[in-house]
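Asks:
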Amino acid sequence: MAPERPMKTYFADFHIHVGRAKDRPVKIAAGKNLTLTNLLEHSQKVKGLDIVGVIDGVCDPVLAELDELVAAGELAELPEGGLLYRDRLLVIAGAEVELKGPKGRAAHFGCWFPNLAAAHDFNAWLKTVQKNTSLSSQLARTSPFALSQETHERGGLLVIHHAFTPFKGILGAAVDRVSDFIDLGAIDALELGLSADTSMADRIEQIQPFTYLSNSDAHGLDTIARECNRVRLDHVSFAEVRRLLARQDGRKIVENIGLHPVHGKYYQTRCRRCGEIAGDGRVCSCGTDRNVVTGVSDRIDALADFDEPQHPEWRPPYRHIVPLLDIPGVGPKAYRSLVDAFGSELALLREHVAKQDVQQVVGAALGERVFQTLQGHVSFAVGGAGTYGKVLV
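Numbering-wise (the UniProt record's numbering), the sequence shown opens with residue 1 and increments by one.
(1) What's the C-alpha gap between G110 and A95?
(2) Need the endpoints of the beta strand (DSSP E) that I300 sits in, please.
(3) State the start and end residues of the unbroken alpha helix (DSSP H) segment that holds H120.
(4) Residues in the same chain with beta-carbon distance under 7 Å from V207, minus the five sequence neighbours each way, listed in chain order, please.
(5) Pull up the distance between the alpha-carbon of T128 and that of S143, whole angstroms please.
(6) Throw me the rounded Cβ distance for the K22 and P61 pair, which I believe falls under 8 Å.
(7) Assuming the contact rule is C-beta atoms closer than 8 Å, V382 and Q268 should be a hit. Round their C-beta distance to whole Å, please.
(8) What are the uninterrupted segments assigned as alpha helix (DSSP H) that are 4 or more residues long and contained completely in the stretch 19-50, given in chain order?
(9) By Cβ distance, which residues of its chain are closer than 6 Å to W112, with the 5 residues on each side in sequence left out?
(10) Give me, in chain order, the residues of the same chain whose beta-carbon lies closer than 8 Å to that of H162; leave out the 5 immediate sequence neighbours on both sides.
(11) With DSSP collapsed to three states, give me the class of A334.
(12) So G48 and L244 are supposed to be a Cβ contact under 8 Å. How far apart are they, rounded?
(13) When you compare only the Cα positions, how much space is there between R20 and S137?
(14) What did DSSP end up calling S379 once you bin it into helix, strand or coil?
(15) Would you tell me roughly how many angstroms separate the C-alpha atoms of R86 and Q44, rounded to the nearest one?
(16) What are the boundary residues of the beta strand (DSSP E) that includes F181?
(17) Can the beta-carbon of I204 be found closer than 8 Å to that of L303?
(18) Taking the alpha carbon of N33 as the reference point, which residue from V292, L221, K333, Y266 has its own alpha carbon closest?
(19) Grouping DSSP H, G and I as helix and E and B as strand, with all else coil, what is G193?
(20) Going by C-alpha to C-alpha distance, which of A186, V70, T198 sits closest to W314?
(21) Could you tell me how far apart the beta carbons of V254 and P316 are, in whole angstroms, since I believe they sit closer than 8 Å?
(22) By the 10 Å Cβ neighbour count, where 16 or more other Cβ atoms means buried, how is E68 classified, buried or exposed?
(23) DSSP has Y318 in a bridge; who is on the other side?
(24) Could you pull out every residue in the same chain whose Cβ sits closer than 6 Å to the Cβ of G367, ignoring the five residues on either side in sequence?
(25) Going by the DSSP bridge assignment, what does R247 pair with across the sheet?
(26) Is L349 helix, strand or coil when you go by DSSP?
(27) How is H263 classed by DSSP in three states: helix, strand or coil?
(28) Would you give the residue range spanned by the beta strand (DSSP E) that F371 belongs to?
(29) Classify K8 as buried or exposed, calling it buried when 16 or more other Cβ atoms lie within 10 Å of its own Cβ.
(30) Bridge partners for Y85 per DSSP, in chain order?
(31) Around the Cβ of G53, are there at least 16 other Cβ atoms within 10 angstroms (buried) or fewer (exposed)?
(32) Looking at C-alpha atoms only, which residue of I327, G264, V70 is the closest neighbour of F164?
(33) Between the C-alpha atoms of L147 and L126, what's the straight-line distance to the nearest angstrom?
(34) Which partner residues of D13 appear in the DSSP bridge assignment?
(35) So which of E80, I321, D188, V391 has the shortest CA-CA distance to A246?
(36) Going by alpha carbons, who is nearest to S337 out of N115, P312, G363, H320?
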């Protein structure tokens, strides 16, 4: 009997937006330079990713550009699904879809597709339930059951997006239990979001069976891979990603990688008008709670079944990181020097980097700061109400 082939590890960010395509806006809040080609090039050459989810791939102008890249030979459709960019980067085309919940509050879902034929077919269906399929994250006038059915009938995968965020997160404000919104069996994975991690999520019993994803939800080139997943697969393809989410045949997430939750912009309950900390009976100077945004930390406390996380035995560790450009003193020049020296931003995580090697690139003082941050020796001003936390020197 032939020995089993060893699995390989890859870095994957399954949630990246597109700012513009075909000279038209796609994700309104995203940067204009976040084009499809820039996304693919930056993800591969600067960030060091192996797998990307183009979550606006089903939007009209992005889908047209994907077709053009296939026609030009830049993208190749794989037999097991997915698109390979320049023989190196696996690309998954998807859609971020907004649905109204039972209380009238909305939540975002990711729908991922194995090939462009399925993406085109799903786009045609979306035209019957959305007003504008050229734009990202649009409200679909349909049911969660229908969205699940239309996604899975095309061989797709359905993922809960940024589950705990107070705006458009299923548990952030829409419902108290996922099953109040959608059948649990319809969901293939749950994305944690920037202000949560595994230890926070695993205090909630109902979602423990889900595979957790840590994705960037990038709205600009610099924020690609600020959260990502180190995964173990036999090779890159959509079929392998399906096995990954189902934790089949040895495919698994080896490590969730992402921001410290306090670095996220919705961690702490705070007034978005005056910035004061609120909650726990505290009233801000505004004299009203109308502008208070419930933080992810307080929301999870309210929903939690356990005081401490109860991790399934298969749950991977969560590694907290600070993106290089968020480290005080690391500007564009120092960032470029580090990427050139080590090969990519994620290479600094992939390898055991020596302090002297970092200092050789950016100097003794900044090199010391970067190295200590990479080692996890860092503190933050806590984020909340839409303002990111800040790394403290």
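Using N, Cα and C, we set each Cβ at its ideal position, and we do this for glycine too.
Replies: For this structure:
(1) 6 Å
(2) Counting along the chain, I300 falls outside any beta strand (DSSP E), though it belongs to the alpha helix (DSSP H) covering 296-303.
(3) For H120, the enclosing alpha helix (DSSP H) has its first and last residue at 116-126.
(4) Looking at the sequence provided, one finds Ile at residue 207 rather than Val. Answer for I207: V178, L190, A201, listed in chain order.
(5) 13 Å
(6) 4 Å
(7) That belief holds up - the Cβ atoms of V382 and Q268 are roughly 5 Å apart, short of 8 Å.
(8) 36-41
(9) I92, G94, G156, L157
(10) H108, K168, G169, G172, E191, L192, G193, L194, D217
(11) helix
(12) Going by Cβ atoms, the distance from G48 to L244 rounds to 19 Å, so no, they are not a contact pair.
(13) A straight-line Cα-Cα distance of about 14 Å links R20 and S137.
(14) Three-state DSSP puts S379 in a strand.
(15) 10 Å
(16) Careful: F181 lies outside any beta strand (DSSP E) and carries neither H nor E.
(17) yes
(18) L221
(19) coil
(20) Comparing Cα-Cα distances from W314 to each of A186, V70, T198, the minimum goes to T198.
(21) 6 Å
(22) Around the beta-carbon of E68, fewer than 16 other beta-carbon atoms lie within 10 Å, marking it exposed.
(23) N256
(24) V358, Q359
(25) For R247, which the question treats as bridged, DSSP gives no partner whatsoever.
(26) helix
(27) helix
(28) Here F371 belongs to no beta strand (DSSP E); instead the alpha helix (DSSP H) covers 364-374.
(29) It is exposed - the Cβ of K8 has fewer than 16 other Cβ atoms within 10 Å.
(30) L75, L89
(31) Buried is the label assigned to G53, since at least 16 other Cβ atoms lie within 10 Å of its Cβ.
(32) G264
(33) 9 Å
(34) In DSSP, D13 forms a bridge with V52.
(35) D188
(36) G363
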